[in-house]
Structure formats: structure tokens, C-alpha cells
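Data block below; observations after.
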Amino acid sequence: MNESYELPLEDAGYSFGFLDEYAKKEVRRCILKAIAIPGYQTPYASREMPMGRGFGTGGLQITLSLIGVQDTLKVIDQGSDDSVNAVNLRQFVQLTCPGVEVTEKTEEATLLQSRHRIPEKPLTEAQILILQVPYPDALVVVEPSEARRKVMHAEADYSRLLVKLYEDIVHFDEITISHRYPTRINGHYVIDPSPIPRWDVPKLHQSKALVLLGAGREKKIYAVPPYTLAEPLVFDDIVFRVEDFRDANGVRHACRCCGSTVSFLDEFSDEQGRVAYQCSDSAYCEEQQQPHSGSAA
Amino acid sequence: MSYVAIKGGKAAIDSAAAATDYMRCKNAVDEPIKLSVIEDQLRLLTSRVVSEGGLYHPKLAALALKQFQGDTLEAAFALRAYRSTKPRLLETPLQDTSKMRCIRRISSAFKDIPGGQMLGATFDYALRLLRLDLANEDLAAFRQVAKNFLSNTPEADLPDSFPKVLDALRAGGLLPPVGTMREQAFDITRDPLVFPVPRSAALATMARAETGSLLAMAYSNMRGYGDVHPTVAELRVGYLPVMLPHPVTGELMEAGEVLMTECEVVAMYESGNAGDMPVFTLGYGACFGHNEVKAISMAILDRALQKGMRDGPDNPSEDPEFVLLHVDGVDSMGFASHYKMPHYVTFQSDMDRLRTTQGKLRKTGETA
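Chains as they are written, first to last, in our numbering: chain A, 20 to 316; chain B, 143 to 510.
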């Protein structure tokens, strides 16, 4: 037995960005490749992070590989800066990246890490959006084998996916895919845009900001570069529709806090058990509530 | 209002952490558990964690078990995350397991193996009757156990290492000769699995796989979803000297030792290449720590996967993608846990689809 070795007590502190520098460099190289081949799922040796696979480790590795002390970071989950997972990820970055600023304001951030939402406020060329991805491959609904899917992507063979959409229309008169809507990037690769709602898919199209998608458990990084085509997979005679927030009379529900009628809404039961609606994007909602903001003043 | 309880994350996390630590310390008359107690008295638990964590550091494994209150998945996970902070400084040369300082080695293929069977510490033939005398074990009696064992065991003339059973089979022409490694071993910590993957990638993935997952897949093969029908040629547990090149001279020197379990199974013969004699086939399993079920499962799956890689899979346990992408404890437990996170947005989107579809069907129903 090795009785003599010791616990690494001096390791209580971690280096900047948690990961060792070789790991960060590797992630950055994969990001460059992902940008060069829009929509292509670049494999990388995803490291284990100190939070669960599925909690945003892919996004986090991208964030930690890119972040420097000059950056300002915003982290959201379900559109909210204050949800448990967003707080957890933000605290971890603050712990391991001393000197990095954090913000809740979309426009102040240089890096935005998000799960399930793209902020309502349009992003700029100076910003990078990092989306956390559970399932990187849009083809997984029709083909379980990764090796076979890789060939299908290479040949831009999305026929089985289109058949699935067609069958949906035959069965339900609607395409049933809600979030994770398959989206064709730059006319070739179809991506899973992460579980953003349909509402957010059009924001990828010709986005001014670079969009990076990281799947930690599935070990893939892919990108929608700025000013790139991002088209949801549809048919010529079936238009792509986002979530409908109108009531039975066709009146658009408004956020109960800020009154917005143009944002993605969360639906819930209020204290009286009535159905209520509220902006999913908490930073947007707060800004709308400021007396001097926009036309509401 | 619970649905909208998305605010106040920081306070919630802090409180959850405090409640979790309370659970560890709530019985104020207990003493905090010492790491050496975990490492020694719960040695098989520690073994499991070093193996699934893919990091040989029993003391850190014991610490992780203490911190995560006995959860093997979480403890192995913590070791992996710790590993992420360390650069890879060196690639180890091939290590020779015939040099292992065995604490146990058996073969179910032959009664008499060169060097002899050595049962060592095992529960294999123990009666699983609860020993209630352990419930309130007296310290003096506890110490006497070790004393008695050491004084009653003659210092047998045991050799440092034992020859490998497979070598005897090989000498008899029953096994294929040892092949030469054509390519460098695949490092799963530095390269993602892009299928098809070489056998070394499969072995590395299984070596740090979750024990229960490996067992379930291997068991499916044993029961009939597959046909490996293995014979354990040799199972050995012991301390393997780790040989590393001297930084100046390059000469191999012993840098330390790791406790390992190694299993080699022999399976039914196949016709060799045209003109060759048919020979038995092999499956190999090895992992850190003392984990016999894991090593056996891995050896069976290695054999099953070799068949799948060559002829295409007939069963799940022969499919490299199916096996290798679903046996990692950190991946699978993380993803299972993530379903506990809020999915408000996606569920909102799901409701929109369902309502739209229902609305359309209702309309068609009305017009019909």
C-alpha cells in the first residue's frame, strides 16, 4: 500500500477558468472549426465539470474557454437570471474566474450563457451567445445510431426527418415538434438548436451575434456564425409558426408584470387559481417595468 | 405559485447546501468519520469510486465518499471533475500485469495453474448470514482480528508475482499469439468517441464505466442476448507496479503501485484466417481497485464487442455505440438528474403544440 502519499491539500484553489490551459485551448480550436463549418457538430473531448452532465457543462466549457477578465457575463436559465441553475453556474464562474464582471442586463454582456431561451432584446456583433445543449443531433428522432447519423449529415440527407414532419401533418394537421425545432444552417447541416422554443428560432437567422452551442455529455460543439442563414425545416406550403399566445377571441395575452404583448410568456396559476402570464425573460420584463423605458413612459 | 418560483435561486442553493451538510452531521453523539476508516473498512466502496472516477487516489475517493455521504455516483463524479483541472503530463508505457503483486488470483479453467490458485480475501464462499456480533463491535476484539490473522498466517514462501494462465494456453496453441499494437492506445480523456472506435477506446471506456451498467449489459449477453459463454481463464487482484520512464535517463523505474483487478475470459473458438488453425477467443477486463464483478463484466463485453465490431451487432451488448455510450456513470446520472431542473419554457412550447393540434381536430370534428 502507498502509505506515504498525501491528500493534495494545496489544491483547494483552482486555476483561472477551472480547466487546465490545454483543455481550454482544445475547446477554442473546436469552436474555430465549428464556426468554419456552420452547423457541423464538432466532436471534442468534453471534460467533466463539477456539476451534473445535463446541467450545462457543454455551455460552461465554452464559456470558461473564452472568458477573460475583460468580459462581462450573463447567465440565464428558462430566461431568468435568478433561477437556481443560472445562479449556480454564475457563482461557479465567479469563483473560478476572479475579475470577471457579471450582469443581468442583456446589453451589458459580452458573453451570454443560456439554457432554453434566447434573450428578447436583439444581440449585437460584440456579443457571443452560448447555448447549453442536451441533444446535439436533430436526426436522433429518426436514427439512434450516431455513426449512421454522421453519414446522413455529410450527405445532407434529411429525408427521414422530412417524412416525420409530413407524417405529423397527416396525423395531426400540425408539425408536433415544439422546442428543439430542426433548423438548417447555411443551406446544409440541420441542427438541433437546443431546447429553445419555436419563438426563439427566428432569432438565429442572420444573427448579429455569434451563437455557439455546446453539448458536454454528447461531446459536441457547433455554431451559427453571425449573418448566417438559419431556416427551420418546413415545406413550401406549410409555414413555420411560433408559439401562439392569443386567447380564444384572438387577443394576445399580456405579461401581468410589464404588460408586454410581444414577448415569450410563461403560463401559470396565480394565487386565485386563475391562469396568468408572465415574461419568460426576466431582464426584459424588468426593463419594461422601468418608467422611462421605451414607449411605455 | 410554485410554478413561477424561479426567483430566489441563490438563497435556495445556500439553504440546500446547509440542509445537506446537516444530514451528515445531525447525530451529534457520533464522531466524524475518518478517511482511513472509509479507505480500509469500506475498501470495496473506495475501490468502486477510484475505478469509476478514473483516478487512482483512494484517499481522495474516501474524501469524496464522505462528502457525498456514500453516493458512489457522486463520489466518482467528484474525482472526475478534480481530474479535469490537471494537465496530462505523460503517457504511460504499457504496464506488465504479470508483475502484479497479487493478493488473490484464481482460474476456473484449470484446477492446477502454474503458481497455484490463491483465494485471498473474497466473499465468494461466505454464507450471507448477518453477523450481528459486528453491530456493537468491541475495539479490543476488532484489533485482535488483525493480530490473530497476522500471527497465525505462516510467512509462506509466496512469490512476488505469478505467471499468467493465458501464457500456458498460448504455449499450447489454444490461443492466438499476442498481436502487436498497431496504433497508439486511444485516450478517452483527450479524444471523443467517434464511431467506429478502436478496441482500446472500448476498453478504456469500460474500465471507468459504472459497475451496475456494465453488469446489466454483460448479464444480458450471458442470459441469451448474445453467446459469449466465457470461462474465466484468470482473475487476479493485486498491486501493479507502475513503471514510468526516468525523466533524465528514460529508463523505466517504479513510480508507485495501483490496486487493480484483471480478468481474462476465454470464449469458444472461431475459425481463424484461411489456412490457420481455429483457436479460442479472448475477452479482457481490467480496472482500478478491487472490483471483480466489474472486471468480469468488462471482459465478457470486450469479447461481445469484438464480435460486433467485426461482424456487426446481433444484440445490444455487441453494439459498440449501445454499450459504450450508455455505461458511463457520470454521463448517465447527470442526465437523469437534469430532468429535475425547470423545463418551463419547453413545456410551454409543448402545451402550445398540443392545444393547436386539439383546436384543429375540434374544428374538423365540428364541421364533420
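Don't be surprised by glycine CBs; every beta carbon is placed ideally from N, CA and C.
Rounded to the nearest angstrom, the gap between the Cα atoms of residue 65 of chain A and residue 77 of chain A is 7 Å.
Cβ proximity to chain A below 7 Å picks out nothing from the segment 165 to 180 of chain B. Scanning chain A for C-beta atoms nearer than 8 Å to the C-beta of residue 192 of chain B yields nothing, as the closest lies near 12 Å away. If you ignore the 5 residues before and after residue 247 of chain A, its C-beta comes within less than 6 Å of the C-beta of 57, 205, all in its own chain and listed in chain order. Membership of residue 384 of chain B in the beta strand (DSSP E) is indicated by the continuous run 373 to 387. The three-state reading of DSSP puts residue 332 of chain B in coil, since its state is none of H, G, I, E or B. Only residues of its own chain outside the window of five on either side were considered, and among them 317, 375, 376, 406 have a CB closer than 7 Å to the CB of residue 308 of chain B, listed in chain order.
Comparing C-alpha distances from residue 399 of chain B to each of B/231, B/381, B/172, B/388 shows the shortest one belongs to B/381. At the C-beta level, residue 229 of chain A and residue 212 of chain A stay beyond 7 Å of one another.
Interface with chain B (7 Å Cβ-Cβ cutoff): residue 88 of chain A is excluded.
Cβ proximity to chain A below 7 Å picks out 463, 472, 473, 476, 477, 479, 480, 483, 484, 486, 487, 488 from the segment 456 to 489 of chain B. Residue nearest to residue 362 of chain B within the set B/442, B/294, B/230 is B/442 (criterion: CA-CA distance).
From the beta-carbon of residue 332 of chain B, the residues of chain A found nearer than 7 Å are 64. The beta carbons of residue 477 of chain B and residue 72 of chain A sit closer together than 7 Å. Of all residues in the segment 69 to 88 of chain A, those with a C-beta nearer than 7 Å to a C-beta of chain B are 69, 71, 72, 73, 74, reading in chain order. Contact between residue 152 of chain A and residue 233 of chain A holds: their C-beta atoms lie close to 6 Å from each other, under 8 Å. Scanning its chain for C-beta atoms nearer than 6 Å, with the 5 sequence neighbours on each side dropped, one finds around residue 194 of chain A the residues 184, 187, in chain order.
Take the alpha-carbon of residue 280 of chain B and the one of residue 164 of chain B: they are about 29 Å apart.
Listed as beta-bridge partners of residue 93 of chain A by DSSP are A/131.
Every beta strand (DSSP E) stretch that sits fully inside the segment 396 to 443 of chain B and reaches 3 residues is listed by chain position as 421 to 430. Only those residues of the segment 333 to 349 of chain B whose C-beta falls short of 7 Å from the nearest C-beta of chain A are listed: 333, 334, 336, 337, 338. DSSP, read as helix, strand or coil, puts residue 247 of chain B in strand. Chain order gives the chain B residues near residue 217 of chain A as 491, where near means a beta carbon separation below 7 Å.
Burial state of residue 101 of chain A is buried, judged by a 10 Å Cβ sphere holding 16 or more other Cβ atoms. In the displayed model, residue 119 of chain A falls within coil according to three-state DSSP, outside both helix and strand. For the 7 Å CB-CB criterion, residue 180 of chain B and residue 159 of chain B do not form a contact. DSSP places residue 393 of chain B in the coil class of the three-state scheme, outside both helix and strand.
Looking at B/221, B/388, B/312, B/497, the one whose alpha-carbon comes closest to that of residue 267 of chain A is B/497. In this structure, DSSP gives residue 49 of chain A a helical state, which the three-state scheme calls helix. Per the coordinates, the alpha-carbon of residue 253 of chain B lies some 30 Å from the alpha-carbon of residue 367 of chain B. Between residue 245 of chain B and residue 263 of chain B, the beta carbon gap of about 7 Å places them in contact (Cβ cut-off 8 Å).
Look at residue 84 of chain A here: in three-state DSSP terms it is helix. Among the residues facing chain B, residue 238 of chain A is included, as its CB has a counterpart in that chain under 7 Å away. For the segment 126 to 150 of chain A, the residues whose beta carbon sits under 9 Å from a beta carbon of chain B are, in order, 134, 135, 136. Looking only at A/115, A/137, A/190, A/270, the smallest Cα-Cα distance to residue 99 of chain A is reached by A/137.
For residue 191 of chain A, the C-beta contacts it makes with chain B under 7 Å involve 499, in order along the chain.
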